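Q: In UniProt numbering, the protein residues as written are 1 to 186. C-beta: ideal position from N, C-alpha, C; glycine also. Computed from a prediction, not measured in an experiment: that's the story for all the values here.
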């Protein structure tokens, strides 16, 4: 089995499904636990990394190893872990590689495409020098780390809503095109 990179998150930071956080509440560093999250609730249908569509009503099972617990997130350490090319800057692709591993744990994001919309918008908001990458200072001020700028949160939500509306329109157009009778040639 391929070794997965650790998923770094802030407890009660809204990055995980609330049921996942509740199940991890009393875990100790080094502990491995099988966690079952029942279907339903606020979770949306999503596409897993394997390409399989997972219903919102499906029960999810995870085997989780809690590797470490820190008093507060060390964002510089996270930056350095993500900066695997040692360039001193982060790209959207570096974020996507990590985020894709934990897509199931984001309750409001149901596809990798939606995750990319959020990350691209967060990068756009934080990329002060316009080079398409985030240096450490930009990363620390980004909506990926800092919740101090409510306008960032609003901009990301607006962009996500626009994306979902476009996707719904595409699906409706495809449905209409499928149901149109084809003219038969004589």
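With distances taken from CA atoms, which of 117, 164, 140 is nearest residue 128?
A: Checked all of 117, 164, 140; the closest Cα to residue 128 is 140.
Q: Here's the rule: buried if 16 or more other CB atoms are within 10 angstroms of the residue's CB, otherwise exposed. What is residue 169?
A: Residue 169 is exposed by the Cβ-count criterion.
Q: Within this structure, are the beta carbons of residue 144 and residue 171 separated by less than 7 angstroms?
A: Taking 7 angstroms as the Cβ cut-off, residue 144 and residue 171 do not qualify as a contacting pair.
Q: Suppose you measure from the CA of residue 81 to the CA of residue 6; what does that come to, to the nearest Å?
A: C-alpha separation (whole angstroms): 10 angstroms.
Q: Would you mind reading off the limits of the alpha helix (DSSP H) that contains residue 159?
A: Run containing residue 159: 150-179, per the alpha helix (DSSP H) assignment.
Q: Please report how far the alpha carbon of residue 39 lies from the alpha carbon of residue 45, in whole angstroms.
A: One C-alpha to the other measures close to 10 angstroms.
Q: Note the first and the last residue of the continuous beta strand (DSSP E) segment covering residue 65.
A: That run of the beta strand (DSSP E) goes 60-65.
Q: If you draw a straight line from the alpha carbon of residue 180 to that of residue 59, how long is it in whole angstroms?
A: Cα-Cα distance, rounded: 37 angstroms.
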